[in-house]
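Novice: Attaching a single structure in structure tokens format; questions to follow.
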Amino acid sequence: MSTTDRLVDYDELLTRYEPVIGLETHVELGTASKMFCGCSTTFGAEPNTQTCPVCLGMPGSLPVANAAAVESTIQIGLALGCSIASWSRFARKNYFYPDIPKGYQTSQFDEPLCVDGFLDVDVEGRTYRVEIERVHLEEDTGKNLHVGGATGRIHGADHSLVDFNRAGIPLVEIVTRPVPGAGALAPEVARAYVTELREIVQALGASDVRMEQGSLRCDVNISLNPTGATELGTRTETKNVNSLRSVERAVRFEMRRQAAVLDDGGRVVQETRHFHEDTGTTSSGRSKEEATDYRYFPEPDLVPLAPDADWIETLRAGLPELPAARRVRLQEEWGISGTEMTWLANAGALGLVEQTVAAGAAPGDARKWWLGDLARRANDTGVELGELAVTPVQVAQLCGLVSAGTINDKLARQVLDGVLAGQGDPAQVVEAQGLAVMGESDELVAAVEAAIAGAPDVIAKVQSGKVAALGALVGAVMKTTRGKADAPTVKRMLEERVLGS
Numbered sequence: 008m009s010t011t012d013r014l015v016d017y018d019e020l021l022t023r024y025e026p027v028i029g030l031e032t033h034v035e036l037g038t039a040s041k042m043f044c045g046c047s048t049t050f051g052a053e054p055n056t057q058t059c060p061v062c063l064g065m066p067g068s069l070p071v072a073n074a075a076a077v078e079s080t081i082q083i084g085l086a087l088g089c090s091i092a093s094w095s096r097f098a099r100k101n102y103f104y105p106d107i108p109k110g111y112q113t114s115q116f117d118e119p120l121c122v123d124g125f126l127d128v129d130v131e132g133r134t135y136r137v138e139i140e141r142v143h144l145e146e147d148t149g150k151n152l153h154v155g156g157a158t159g160r161i162h163g164a165d166h167s168l169v170d171f172n173r174a175g176i177p178l179v180e181i182v183t184r185p186v187p188g189a190g191a192l193a194p195e196v197a198r199a200y201v202t203e204l205r206e207i208v209q210a211l212g213a214s215d216v217r218m219e220q221g222s223l224r225c226d227v228n229i230s231l232n233p234t235g236a237t238e239l240g241t242r243t244e245t246k247n248v249n250s251l252r253s254v255e256r257a258v259r260f261e262m263r264r265q266a267a268v269l270d271d272g273g274r275v276v277q278e279t280r281h282f283h284e285d286t287g288t289t290s291s292g293r294s295k296e297e298a299t300d301y302r303y304f305p306e307p308d309l310v311p312l313a314p315d316a317d318w319i320e321t322l323r324a325g326l327p328e329l330p331a332a333r334r335v336r337l338q339e340e341w342g343i344s345g346t347e348m349t350w351l352a353n354a355g356a357l358g359l360v361e362q363t364v365a366a367g368a369a370p371g372d373a374r375k376w377w378l379g380d381l382a383r384r385a386n387d388t389g390v391e392l393g394e395l396a397v398t399p400v401q402v403a404q405l406c407g408l409v410s411a412g413t414i415n416d417k418l419a420r421q422v423l424d425g426v427l428a429g430q431g432d433p434a435q436v437v438e439a440q441g442l443a444v445m446g447e448s449d450e451l452v453a454a455v456e457a458a459i460a461g462a463p464d465v466i467a468k469v470q471s472g473k474v475a476a477l478g479a480l481v482g483a484v485m486k487t488t489r490g491k492a493d494a495p496t497v498k499r500m501l502e503e504r505v506l507g508s
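For our numbering, add 7 to where a residue sits in the sequence shown, where the first one is 1.
Given below as structure tokens:
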């Protein structure tokens, strides 16, 4: 039996199996025009309005390679420590699918632009090296839209439509070698790798890497080896995983599913699988038991690429500050530990905190909000931090209101609720809901005196030397004012009246 509905407990499977992961990441480059023609690459245009005879594969049309795309690919390769080929060719990858108008995809086969790189990622205090096998340049496919049915997939659909706007957009594929040795942290290592890769591409300005729009998507390969075995197990390939959280969830689920198959005496089928965001599960796609013959051959309509060595060195010298170096710099500027920096990076909060600090917040305050309340809300709603409906500028404004004493932390959380609900910037929410901290007003004085009058036993304790008992009165005033009073101010007012200090 090769399938099962049973899942093995995660900790239990690790006593018998060693996971091996591998990732194939596709990045749509942010060029103004497509890979082999002048059509626009603007996202969200009306279907089939950004096409021409070249990207539709019309007879007699001839492609011309996009120089900016070649440059971006080499920059990505350099940032990943790859060797850049002195001679590289495009090839035709022949297969029929409705979203490939030419009947083949122009890609690279045995002569990619970049090979033999690596990317180091830190997870829970340990560095894992992910070896990069190749970085190659190709064109993206169109997009099938399956209409009808409940899943948006072809099964159960009434009919399908094809949008060729995406066909021909420059696409870089970054392929890792198998990554053993991650053990229980395999899901986290996979996520950390894609997170770091995304930050590198973003730092280079090569792509907006918006996973929700498909400009970065990941195929996750996973296999299990019996502990101590030297041969790799049969892998599955979960296709087009489109969020960092889902990369982690896909690895974890497949490990549990494959362990159940193997425990039941079954055989893991080499196949593609679909990841379901709503359930965190995968389902079978198409078999890859037999190698597909794509009948690659050199693209006859494109000249080979022969990057000049001096040009490559110019590109290397012009690389921007990369994420690893940036983390070292920010760690020193913010005065935090390496562990704290790793937490920020792995939570996807580093850029958000940096932007919040740039907008005027203190580093400690920015970290507190992004790793505290905001991280909790993102986790509760199942989204990435950056997808929350609050900007770094708004978080900086919130920090400023707290620092100025306009609101306290408790009120700030209510203000944050309003911002996330689309009620405006923090100051607007404070004004609209009357959430400002209560000053030493008649209302506060009355609340303090009522607390004193209502607790003679507490007053006796305080006056007999048990000053800590004053906390009960502070709490009573805060309750009466619905958290709008400033606790230190309340404490001072109580001390003045009870102790005469």
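A virtual CB, placed ideally from N, CA and C, is assigned to each residue, including glycine.
(1) In the DSSP assignment, what are the bridge partners of T243?
(2) Got a sec? Which residues, its chain only, sit under 8 Å from T113 by beta carbon, not counting five neighbours each side?
(3) So, at 7 Å on beta carbons, what are the nonlocal neighbours of S253 in its own chain, with the 5 sequence-adjacent residues on each side left out?
(4) Which residue from I28, K486 and V455 puts its Cα closest to that of L239?
(5) With burial defined as no fewer than 16 other Cβ atoms inside 10 Å of the residue's Cβ, what is the status of D416: buried or exposed?
(6) Just to confirm, are A157 and P26 a CB contact at a threshold of 8 Å?
(7) Tell me whether T5 sits in a helix, a strand or coil according to DSSP, three-state version.
(8) Can you give me the start and stop residues for the beta strand (DSSP E) that T32 sits inside?
(9) Could you tell me the distance, in whole angstroms, from the CA atom of D464 to the CA atom of L501?
(10) Which stretch, first to last residue, makes up the beta strand (DSSP E) that contains D493?
(11) Along the chain, where does the alpha helix (DSSP H) that runs through G321 open and close?
(12) Quick one: what's got a C-beta closer than 7 Å to Q82's C-beta in the same chain, skipping five residues either side?
(13) Look at P119 and A76 and say whether their C-beta atoms are less than 8 Å apart.
(14) Measure the alpha-carbon distance for S290 versus H33 and round it to whole angstroms.
(15) With a CB to CB cut of under 7 Å and the five nearest residues on each side skipped, what residues in its chain are close to A354?
(16) Quick one, which of G37, D123 and N151 has its alpha-carbon nearest N565's?
(17) Assuming contact is defined by CB atoms lying nearer than 8 Å, are A494 and V474 in contact in what I supplied?
(18) V455 to G507, Cα distance in whole Å?
(19) Would you mind stating whether L126 and L87 have Cβ atoms separated by less than 8 Å?
(20) Compute the beta-carbon to beta-carbon distance between L251 and V201, rounded to the nearest angstrom, for a pair I have assumed lies under 8 Å.
(21) Would you check if the region 13-21 and the region 267-282 touch, i.e. whether three or more CB-CB distances between them fall below 8 Å?
(22) Are S509 and V276 touching if we call contact CB-CB under 8 Å?
(23) Can you tell me whether Y135 is helix, strand or coil according to DSSP?
(24) In terms of residue numbering, what span does the beta strand (DSSP E) encompassing D372 cover?
(25) How far does the alpha helix (DSSP H) with G407 in it reach, from first residue to last?
(26) Does DSSP put F171 in a helix, in a strand, or in coil?
(27) Can you give me the C-alpha to C-alpha distance between D117 and L337, rounded to a whole angstrom?
(28) Could you tell me which of A74, Q401, M348 and E339 sits nearest to I430, measuring between CA atoms?
(29) Helix, strand or coil: which one does DSSP assign to V142?
(30) Taking DSSP as the reference, what is the three-state secondary structure of S79?
(31) Along the chain, where does the alpha helix (DSSP H) that runs through R259 open and close?
(32) Using alpha carbons as the reference points, say which of F304, I459 and A460 lies closest to Y111.
Specialist: Judging by the given coordinates:
(1) Here residue 243 refers to the residue found at position 236 of the sequence shown. Bridge partners of T243: I229.
(2) The sequence position of residue 113 within the sequence shown is 106, counting from 1. Cβ within range, chain order: M42, F43, P70, F97, A98, R99, K100, E145, E146, E306 and L309.
(3) Within the sequence shown, numbered from 1, the residue matching residue 253 stands at position 246. Once the five neighbours on either side are set aside, the close Cβ partners of S253 are F282 and E284.
(4) Position 232 of the sequence shown, counted from the start, is the residue given in the question as residue 239. Cα-wise, what sits closest to L239 is I28.
(5) Position 409 of the sequence shown, counted from the start, is the residue given in the question as residue 416. Under this definition D416 is an exposed residue.
(6) The residue labelled residue 157 in the question sits at position 150 within the sequence shown. The residue labelled residue 26 in the question sits at position 19 within the sequence shown. Result no, Cβ atoms of A157 and P26 do not sit closer than 8 Å.
(7) This structure does not reach residue 5, given that the chain is present from 8 up to 508, and the question cannot be answered.
(8) Within the sequence shown, residue 32 is the residue found at index 25, counting from 1. Taken as a continuous stretch (DSSP letters only), the beta strand (DSSP E) holding T32 covers Y24 to E35.
(9) Taking the sequence shown and counting its residues from 1, the one referred to as residue 464 is at position 457. Taking the sequence shown and counting its residues from 1, the one referred to as residue 501 is at position 494. About 15 Å.
(10) Mapped onto the sequence shown, residue 493 falls at position 486. Per DSSP, D493 lies in no beta strand (DSSP E) segment and is marked neither H nor E.
(11) Against the sequence shown, residue 321 aligns to sequence position 314. Note that residue 321 is Thr in the sequence shown, not Gly. Membership of T321 in the alpha helix (DSSP H) is indicated by the continuous run A316 to A324.
(12) Here the question's residue 82 lines up with position 75 in the sequence shown. Spatial neighbours of Q82 in its own chain (CB-CB distance under 7 Å, excluding positions within 5 residues in sequence) are listed in chain order as L211, A213, L322 and L326.
(13) Locating residue 119 in the sequence shown gives position 112, where the first residue counts as 1. Locating residue 76 in the sequence shown gives position 69, where the first residue counts as 1. Result no, Cβ atoms of P119 and A76 do not sit closer than 8 Å.
(14) As a working note, residue 290 is residue 283 in the sequence shown. As a working note, residue 33 is residue 26 in the sequence shown. Going by the C-alpha atoms only, they are around 21 Å apart.
(15) Translated into positions along the sequence shown, residue 354 becomes position 347. The answer, listed in chain order, is L378, A382 and L392.
(16) This structure leaves residue 565 out entirely; the chain is present only between 8 and 508.
(17) Sequence index remark: in the sequence shown, residue 494 carries index 487 (1-based). Sequence index remark: in the sequence shown, residue 474 carries index 467 (1-based). No, they are not a contact pair.
(18) If you number the sequence shown from 1, residue 455 lands on position 448. If you number the sequence shown from 1, residue 507 lands on position 500. Near 14 Å, if we compare the C-alpha coordinates of G507 and V455.
(19) Counting from 1 along the sequence shown, the entry for residue 126 is found at position 119. Counting from 1 along the sequence shown, the entry for residue 87 is found at position 80. Cβ distance < 8 Å, so L126 and L87 count as in contact.
(20) Locating residue 251 in the sequence shown gives position 244, where the first residue counts as 1. Locating residue 201 in the sequence shown gives position 194, where the first residue counts as 1. With a Cβ gap of about 6 Å, L251 and V201 count as contacting.
(21) yes
(22) Residue numbering for the chain in the displayed model covers 8 to 508; residue 509 lies beyond these limits and cannot be assessed.
(23) Within the sequence shown, numbered from 1, the residue matching residue 135 stands at position 128. Strand at Y135.
(24) What you label residue 372 is simply residue 365 of the sequence shown in a count that begins at 1. From DSSP, D372 is part of no beta strand (DSSP E) but of the alpha helix (DSSP H) over P370 to L378.
(25) The residue labelled residue 407 in the question sits at position 400 within the sequence shown. G407 -> alpha helix (DSSP H) spans P399 to S410.
(26) Indexing the sequence shown from 1 puts residue 171 at position 164. Three-state DSSP puts F171 in coil, outside helix and strand.
(27) The sequence position of residue 117 within the sequence shown is 110, counting from 1. The sequence position of residue 337 within the sequence shown is 330, counting from 1. If you take the alpha carbons of D117 and L337, they lie about 40 Å apart.
(28) Numbered from 1 along the sequence shown, position 423 holds the residue referred to as residue 430. Looking at the sequence shown, residue 430 is not Ile but Gln. Taking only the C-alpha atoms, the option nearest Q430 is Q401.
(29) As a working mapping, residue 142 is identified with position 135 in the sequence shown. In the three-state reduction of the DSSP assignment, V142 falls in the strand class.
(30) To locate residue 79, count along the sequence shown from 1; it is residue 72. Looking at S79 - three-state DSSP - the assignment turns out to be helix.
(31) Within the sequence shown, numbered from 1, the residue matching residue 259 stands at position 252. Counting along the chain, the alpha helix (DSSP H) containing R259 begins and ends at L251 to D270.
(32) By 1-based counting over the sequence shown, the position of residue 111 is 104. Residue F304 is the option with its Cα nearest to Y111.
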